[in-house]
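Notes follow once the structure below has been shown.
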Amino acid sequence: MSALAAKQPLAGGFTRRGACPALSAPMQTGDGLLVRLNPVAGGLSPAQLAGLCDAAGMFGNGVIEVTARGSMQVRGLTSASAAPFAEAIDRLGIAVRTGVPVQAGVLAGLDPDEIVDPTALADMIRAAIARDGLEARLGPKVSVVVDGGARTALDEVAADVRLTAVRVGGSPAWQVAIAGDARAARTLGVVHGDTAACEATLALLAGVADMGREARARDLSGKSLPALPSSSGLSRGFADLGGSGKTEAAAASMSVVTDRLVADPRDKPWDDGVEQSSLIGIANLRDDRVALGVALPFGHTTANALKTFAEAARALGVGDIRPAPKRTLVAICGTVAQAETLRKQAETLDFVTAPDDPRQAISACPGAPDCASGHIPARQIAAEITWEYSSLLDGSIHLHVSGCAKGCAHPAVSALTVVGSETGTGFILDGTARDQPAAFAENDGAGRALANVAKRVSAERRTGETTAQTIQRLGLSALAEAFRQGGK
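Numbering-wise (numbering that gives the first Met the number 0), the sequence shown opens with residue 0 and increments by one.
Quick look at the structure:
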């Protein structure tokens, strides 16, 4: 065994900041200070977006990002320029959300496929959190998702509390789940009506708050938590929530939830609604307008490029441009022709304009040197793989290139994950950046190591076989060896 492999880097070797880089509290990164913006209005007018780009170039390093959760980020600010940047944002009339994030769909109230417009419930929850003083008692990462059951995806947005509109016996209701994205979250049951959903959410958040600011909703349930029984015995199911850290106050909060849950998640007596799909492309809205979704390649672009897009939108008379999950921007257009013209402009800027673009199959953070925690140039590696092996990115797999074990760009499981650390770059199959790697390479050989895996998969791929099928057939041992050999 090599000395490098013997080091066996585990999840770690990164700087835990424990906070989110709000406009009023920028976060130090490798390329300066980082600010994250979530517009209160949900979107920005083209003029506001163009002004934001000007401010990013004047006070930052001219790099703008849209995150996996749909936040906008401006990089490269300094201690001297952060305050003038905030003043510039204020002059543009951009009100920025603060407090516990409560996220509804980017097309809430406009998507013709949604079961319920989640806007009113999201506003109700925000007001209740402020009323009850929960923000000061909850950690900075605690969040809520309110999904109206539409096709515009919130599935991959993780949250401590998830409310998803469903149909029970033909009537709308809210499915309540905790700790995760749509796939991983633990479903507790269903409530009827916005008031009950809000009360259930507040009770769950209070339970988290009662365990301290380090607590998350995942701390309310252990691995042994069984599927909740029907309404007559829901309190018994909630008795398992919280584990050893549960307080009496948290238990009392849970009893509030049990009074409102009306369905056994094992029986699943509800209709989940339409299958969620990509935001990228042109889609009809509930009124006569259409939405154009484009994505930033690996979530970032230059201020100049984004300003060009914003000015094209303004010239066309586009209403507003909304940052959205999966590093997407959604423009609300008056006509299909208007949307198509703007799509062509986005294409010239090298934005992602088609859902099957190979870049959509890769998540990559900035990595080194832009991020203080990054150990490998994650985005550069991702771009190189896309350029050389785009045929492997056929939609059957997801690749995650992470600068460190935080895995910010994609916390969920990926078919292939490459993660940097202080002691080397790890290779993980069917896992997350926090999992134990199966093979290692020197950080300066990370790109070569991953390219060798791609080369092996490409060479072994049979006619008619997807990349996922080839990876499954080759197995962990062969792929890990290819990674080790490529990184030498």
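From the three backbone atoms N, C-alpha and C, an ideal C-beta is built for every residue, glycine too. Computed from a predicted model, the values in this text were never measured in an experiment.
Beta-carbon contacts of R96 that lie in its chain and below 6 Å, excluding the five residues immediately before and after: Short of 6 Å from the beta carbon of R96, and not among the five residues preceding or following it, lie these beta carbons of its own chain, in chain order: N37, V39.
Simplified DSSP state of Q435, which is helix, strand or coil: The answer is coil: DSSP assigns Q435 none of H, G, I, E or B.
C-beta contact flag for R321 and G42 at 8 Å: Going by C-beta atoms, R321 is nearer than 8 Å to G42.
Beta carbon of V317 nearer than 8 Å to that of L348: Cβ distance not < 8 Å, so V317 and L348 don't count as in contact.
Contact set for A172: own chain, Cβ-Cβ below 6 Å, skip 5 residues either direction: Only V165, V189, H191 meet the Cβ criterion.
Separation of H397 from R182, as counted between CA atoms: C-alpha separation (whole angstroms): 15 Å.
Cβ neighbour criterion (16 or more within 10 Å) applied to Q359: Around the beta carbon of Q359, 16 or more other beta carbons sit within 10 angstroms, so the residue counts as buried.
Of the listed residues D443, A404, E441, nearest to T431 (C-alpha basis): Ranking D443, A404, E441 by Cα distance to T431 puts A404 first.
Cβ-Cβ distance between P410 and A157 below 8 Å: With a cutoff of 8 Å on beta-carbon distance, P410 and A157 are scored as near each other.
Meets three-Cβ-pair contact criterion under 8 Å: the region 376-386 and the region 327-334: Three or more beta-carbon pairs separated by less than 8 Å are not found between the region 376-386 and the region 327-334, which leaves the two stretches without contact.
Contact belief for N442 with G419 at Cβ below 8 Å, rounded distance in angstroms: Yes, they are in contact, since the Cβ atoms of N442 and G419 sit about 6 Å apart, within 8 Å.
Member of G463, S457, F426, T469 whose CA lies at the smallest distance from the CA of Q484: For the residues G463, S457, F426, T469, the minimum Cα distance to Q484 belongs to F426.
In chain order, each alpha helix (DSSP H) run of at least 4 residues that lies wholly inside the region 161-215: Unbroken alpha helix (DSSP H) runs of no fewer than 4 residues, entirely contained in the region 161-215, are found at 193-208, following chain order.
Limits of the alpha helix (DSSP H) - the one that D21 falls within: As written in the sequence, residue 21 is Ala, which differs from the Asp given in the question. No alpha helix (DSSP H) contains A21, which DSSP labels as neither H nor E.
First through last residue of the beta strand (DSSP E) which encompasses G419: Its beta strand (DSSP E) spans residues 413-420.
Nearest residue (CA-CA) to L162, options D116, S457, G206: When C-alpha distances from L162 are compared across D116, S457, G206, the shortest belongs to D116.
Cβ distance (whole Å) where L137 is taken to contact A208 below 8 Å: The pair is a contact, with the Cβ atoms about 5 Å apart (cut-off 8 Å).
Through-space distance from A81 to G388, alpha-carbon basis: Just to set this straight, residue 388 is Tyr in the shown sequence, not Gly. Y388 and A81: Cα-Cα distance of roughly 40 Å.
Residue burial classification, P100 (beta-carbon count within 10 angstroms, cutoff 16): Label assigned to P100: buried.
Whole-Å CB distance - T28 paired with A371, under 8 Å assumed: Confirmed, about 5 Å.
Classification of M57 by the beta-carbon crowding that lies within 10 angstroms, buried from 16 upward: Residue environment: M57 is assigned as exposed (fewer than 16 neighbouring CB atoms within 10 Å of its CB, all protein chains considered).
Pair within 8 Å by beta-carbon distance, H299 and V62: Going by C-beta atoms, H299 is nearer than 8 Å to V62.
Distance cut-off 7 Å: Q72 Cβ against heavy atoms of the ligand MN: In terms of ligand content, the structure shown is empty, and the ligand MN therefore cannot be addressed.
Which residues DSSP lists as bridging L32, in chain order: Looking at the DSSP assignment, L32 forms a beta bridge with Q27, L76.
Endpoints, alpha helix (DSSP H) assigned at E64: Per DSSP, E64 belongs to no alpha helix (DSSP H); it is in the beta strand (DSSP E), 62-65.
For R342, the three-state DSSP class (helix, strand or coil): DSSP places R342 in helix when its eight states are reduced to three.
Burial state of Q435 (16 or more Cβ within 10 Å): Exposed, by the Cβ-count rule.
Integer-rounded CB distance, given that V145 should sit under 8 Å from I128: Distance from I128 to V145 at the Cβ level is roughly 12 Å; contact not present, criterion being Cβ atoms closer than 8 Å.
CB contact flag (D131, L219, <8 Å): Cβ distance not < 8 Å, so D131 and L219 don't count as in contact.
Candidates A282, A103, D355, V143, of which the one nearest P111 by Cα: It is A282 whose Cα lies nearest to the Cα of P111.
Rounded straight-line distance, which links the Cα of S70 to that of E86: Linking E86 to S70 through their CA atoms gives a straight-line distance of about 19 Å.
Own chain partners of E310 with C-beta closer than 6 Å, once the 5 adjacent residues on each side are dropped: Contacts found: A49.
Option nearest I489 by Cα separation, candidates T186, A414, T424: The displayed coordinates of the chain run from 0 to 487. Any statement about residue 489 would go beyond what the structure contains.
Limits of the alpha helix (DSSP H) - the one that S395 falls within: DSSP places S395 in no alpha helix (DSSP H); its state is neither H nor E.
Sequence-distant residues of the same chain with beta carbon closer than 8 Å to E480, five excluded per side: Hits under 8 Å: A438.
Beta-carbon proximity check, P76 vs V34, cutoff 8 Å: According to the sequence displayed, residue 76 carries Leu and not Pro. In this structure, V34 lies closer than 8 Å to L76 by Cβ.
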